[in-house]
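Below is one structure, written out as structure tokens, with a few remarks after it.
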Ligand SMILES: Cc1cc2nc3c(=O)[nH]c(=O)nc-3n(C[C@H](O)[C@H](O)[C@H](O)COP(=O)(O)OP(=O)(O)OC[C@H]3O[C@@H](n4cnc5c(N)ncnc54)[C@H](O)[C@@H]3O)c2cc1C
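Numbering (this note's numbering), first residue to last: 526 to 919.
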């Protein structure tokens, strides 16, 4: 291959560029990014960046020396608009075209929006620019903040806003937040964290609309109540950025469909990170976005699927001073039991806990709050067991 184009200049795109060079690709490397920024890390945006404990320098994923060593052409602040049917030309929004032999799709996901969210004071939190705008607004004095959506980003943002002294309410349409991720028992533990952190939690009620003419003044709930608000954060999930690939001959369905090795319907096109549906599932986790590029690039350079992604899903979240870590593949109906630590009034007791999810006598997943070492041990065992089961069934 003479030219490889990475579309998406963020986490998985940077890791793909690194892998291309590490695996011996010495041709022309083009990285196209819609955002004007060099690759930066998103997890701090809802945590230390929002609270002012980390500044922008801490977000950079590569320093000048590494960036130079990658010897890539960075086309930043421009979107890829389309990919030709055989995946050999990338057309950019600014009219330029890039002829290429291989493509790494790393376009991630975008925050889902609500109707009326262009009112002043309404925010989403996905990009550095989003986080700057929210951080500036929160610095202007005490505000009534309503967070719509009790997922991980909603919960982290609520926690950060409460830590800054704002009055915060989280609205969640489901009876409990995070049930699809953690199951009802552990979701209830996370709900208790909100209450302990002084944050109101309104559950089982959808949002009917936003109130206000120029600036937001409140959030109308489907049960008729209106929560007064000066700042609203819409945290209702993210959608994979695949719109630009319509008509490209790639299979798209909640992400770019790939085999277990991140290879799409076209062997010269691979996909990684939040945009990639790898072997039937799509993760929105930092660790997947950093692990998939090694395999994807090996397969891209080989021209076929030679390796597959083996790692178990893993993510972490920091909220209300607690570190939550989860690994594995939990399914609805798995039982869960604490193997270390305890709960107080439904929330983690001092020192946190470790919990195992089980099905048919086997551990399927592990969750911990503030027990990083036992968690890492349990995660290693789970990974070992999963690869043993995998090789026994192959
Ligand atoms: C606020 C926040 C907090 C998070 N916290 C955690 C955490 O604690 N733990 C955890 O495991 N994960 C966390 N995540 C998730 C993690 O950050 C993502 O999984 C990771 O960023 C995915 O990386 P990516 O490279 O696939 O996509 P992205 O980071 O979304 O990057 C994709 C890039 O592609 C660009 N792009 C899109 N379309 C085009 C186009 N057509 N042409 C050119 N460029 C394009 C986008 O502008 C973007 O810059 C968090 C995410 C956010 C937003």
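Using N, Cα and C, we set each Cβ at its ideal position, and we do this for glycine too. These figures come from a predicted structure and were not determined experimentally.
Going by other Cβ atoms of all chains shown within 10 Å of its Cβ, with 16 needed for buried, is residue i buried or exposed?
i: residue 844; result: buried
i: residue 648; result: buried
i: residue 919; result: Because residue 919 sits at a pLDDT of 41, beneath the cut-off of 50, its placement in the model cannot be relied upon, and the following sentence gives the value as read from the coordinates. Exposed is the call here.
i: residue 620; result: exposed
i: residue 671; result: buried
i: residue 535; result: buried
i: residue 548; result: exposed
i: residue 631; result: buried
i: residue 586; result: buried
i: residue 952; result: Residue 952 is absent from the model: the chain starts at 526 and stops at 919.
i: residue 771; result: exposed
i: residue 917; result: Residue placement at residue 917 cannot be trusted, given a pLDDT of 47 that sits under 50; what the coordinates show is reported in the next sentence. Under this definition residue 917 is an exposed residue.
i: residue 593; result: exposed
i: residue 551; result: exposed
i: residue 654; result: exposed
i: residue 542; result: buried
i: residue 537; result: buried
i: residue 664; result: exposed
i: residue 651; result: buried
i: residue 544; result: buried
i: residue 567; result: buried
i: residue 842; result: buried
i: residue 912; result: exposed
Does the distance from the CB of residue i to the CB of residue j come in under 7 Å?
i: residue 761; j: residue 637; result: yes
i: residue 688; j: residue 756; result: no
i: residue 628; j: residue 794; result: yes
i: residue 855; j: residue 890; result: yes
i: residue 739; j: residue 752; result: no
i: residue 730; j: residue 747; result: yes
i: residue 694; j: residue 623; result: no
i: residue 879; j: residue 897; result: no
i: residue 782; j: residue 802; result: yes
i: residue 927; j: residue 814; result: Coverage of the chain is limited to positions 526 through 919, which leaves residue 927 absent and any answer about it impossible.
i: residue 716; j: residue 707; result: no
i: residue 895; j: residue 847; result: yes
i: residue 660; j: residue 575; result: yes
i: residue 617; j: residue 546; result: no
i: residue 656; j: residue 570; result: yes
i: residue 675; j: residue 800; result: no
i: residue 539; j: residue 564; result: yes
i: residue 735; j: residue 644; result: yes
i: residue 604; j: residue 559; result: yes
i: residue 673; j: residue 615; result: no
i: residue 588; j: residue 579; result: no
i: residue 907; j: residue 888; result: yes
With distances taken from CA atoms, which of the options is nearest residue i?
i: residue 601; options: 691, 557 and 666; result: 557
i: residue 528; options: 598, 579 and 539; result: 598
i: residue 877; options: 886, 867, 832 and 549; result: 867
i: residue 784; options: 896, 576 and 817; result: 817
i: residue 712; options: 738, 702, 635 and 719; result: 702
i: residue 837; options: 766, 692, 540 and 808; result: 808
i: residue 667; options: 896, 692 and 831; result: 692
i: residue 554; options: 588, 887 and 625; result: 625
i: residue 724; options: 734, 706 and 681; result: 681
i: residue 857; options: 562, 709, 591 and 664; result: 709
i: residue 893; options: 736, 851 and 907; result: 851
i: residue 721; options: 572, 537, 684 and 780; result: 684
i: residue 811; options: 798, 828 and 805; result: 798
i: residue 714; options: 559, 901 and 849; result: 849
i: residue 704; options: 686, 690 and 677; result: 677
i: residue 909; options: 828, 883, 853 and 864; result: 853
i: residue 532; options: 832, 881, 796 and 831; result: 796
i: residue 859; options: 841, 865, 882 and 733; result: 882
i: residue 769; options: 608, 806 and 887; result: 608
i: residue 905; options: 861, 865 and 839; result: 839
i: residue 526; options: 792, 901, 804 and 832; result: 792
i: residue 780; options: 774, 767 and 773; result: 767
Using beta carbons (cut-off 7 Å, strictly below), is residue i in contact with chain E?
i: residue 815; result: Of the protein chains in the structure, only one exists, and it is not chain E.
Give the list of continuous alpha helix (DSSP H) stretches no shorter than 4 residues that lie fully inside the segment 556 to 628.
DSSP runs (the alpha helix (DSSP H)) wholly in the segment 556 to 628: 573 to 576 and 589 to 595.
Quick check on the DSSP output: what are the complete alpha helix (DSSP H) runs of length 4 or more inside the segment 707 to 759, in order along the chain?
Counting only runs of 4 or more, we get nothing.
How do the segment 871 to 886 and the segment 689 to 702 stand: do at least 3 beta-carbon pairs fall below 8 Å, yes or no?
Verdict: no, contact absent.
Does the structure place the segment 778 to 798 close enough to the segment 821 to 833 that three or more beta carbon pairs sit under 8 Å?
With the cut-off at 8 Å, the segment 821 to 833 and the segment 778 to 798 touch.
Enumerate, from N- to C-terminal direction, the unbroken beta strand (DSSP E) stretches of 3 or more residues contained entirely within the segment 833 to 883.
Whole beta strand (DSSP E) segments, 3+ residues: 839 to 844, 847 to 853 and 860 to 869.
Runs of beta strand (DSSP E) lying entirely within the segment 653 to 709, each at least 3 residues, in chain order:
Counting whole runs of 3 or more residues, the segment 653 to 709 contains the beta strand (DSSP E) stretches 669 to 673 and 692 to 697.
Quick check on the DSSP output: what are the complete beta strand (DSSP E) runs of length 3 or more inside the segment 763 to 818, in order along the chain?
The segment 763 to 818 contains these whole beta strand (DSSP E) runs: 763 to 765, 781 to 783, 794 to 796 and 801 to 803.
What are the start and end residues of each continuous beta strand (DSSP E) run of 3 or more residues lying completely inside the segment 528 to 560, in chain order?
Counting whole runs of 3 or more residues, the segment 528 to 560 contains the beta strand (DSSP E) stretches 528 to 532 and 553 to 558.
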